[in-house]
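Residue numbering for the sequence shown follows our numbering, beginning at 413 and increasing consecutively. The beta-carbon is built from N, C-alpha and C at its ideal position, and this holds for glycine as well. Remember, it's a predicted structure, so these values are computed and weren't measured experimentally.
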Amino acid sequence: MLIEYMQTALEMAKYEIIEDNEPYYGEIPVLKGVWAQGKTLESCRENLKEVIEGWLIVRLKHGLPIPPIGKTKVGLLSRKHNRKVYA
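The following block contains the structure:
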């Protein structure tokens, strides 16, 4: 589910060219604070992928809500023996 969530998020990315050393800017509007830059569109996309991954890890670790993207949801499924299980 995490990979599907990340792929769906990347499909929703908005890109623009800005005046900067890394002129390609990308963001995922439905994921507040998720943005990246790169020297090429491809490097911007790769950087954005890493940002999404880090964003998901922080939110899961701290029990923060993760908005669904399309039909894809990620979150805490159950607790067994003080272990958290995510999908």
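Residue i to residue j span [Cα, whole Å]
i, j, result
"Lys464", "Val446", "Looking at the sequence itself, residue 464 is Ile, so the reference to Lys does not match. If I take the Cα positions, the gap works out to 7 angstroms."
"Thr420", "Thr484", "8 angstroms"
"Tyr461", "Leu422", "It should be noted that the sequence gives Lys, not Tyr, for residue 461. Approximately 7 angstroms between the Cα atoms of the pair."
"Leu414", "Ala448", "19 angstroms"
"Met424", "Ile440", "6 angstroms"
Assigned secondary structure, residue i (DSSP; H/G/I helix, E/B strand, else coil)
i, result
"Gly450", "strand"
"Glu431", "coil"
"Lys473", "helix"
"Lys444", "coil"
Nearest neighbour of residue i, chosen from the options [CA to CA]
i, options, result
"Arg471", "Ile481, Val486 and Leu460", "Val486"
"Glu454", "Tyr427, Leu468 and Pro479", "Tyr427"
Sequence-distant residues of the same chain with beta carbon closer than 6 angstroms to residue i, five excluded per side
i, result
"Asn459", "Ala448 and Gly450"
Spatial neighbours of residue i in its chain, beta-carbon cut-off 8 angstroms, leaving aside the 5 residues before and after
i, result
"Leu476", "Val470"
"Ile429", "Pro435, Tyr436 and Tyr437"
Residues bridged to residue i [DSSP beta-bridge criterion]
i, result
"Thr484", "Ile481"
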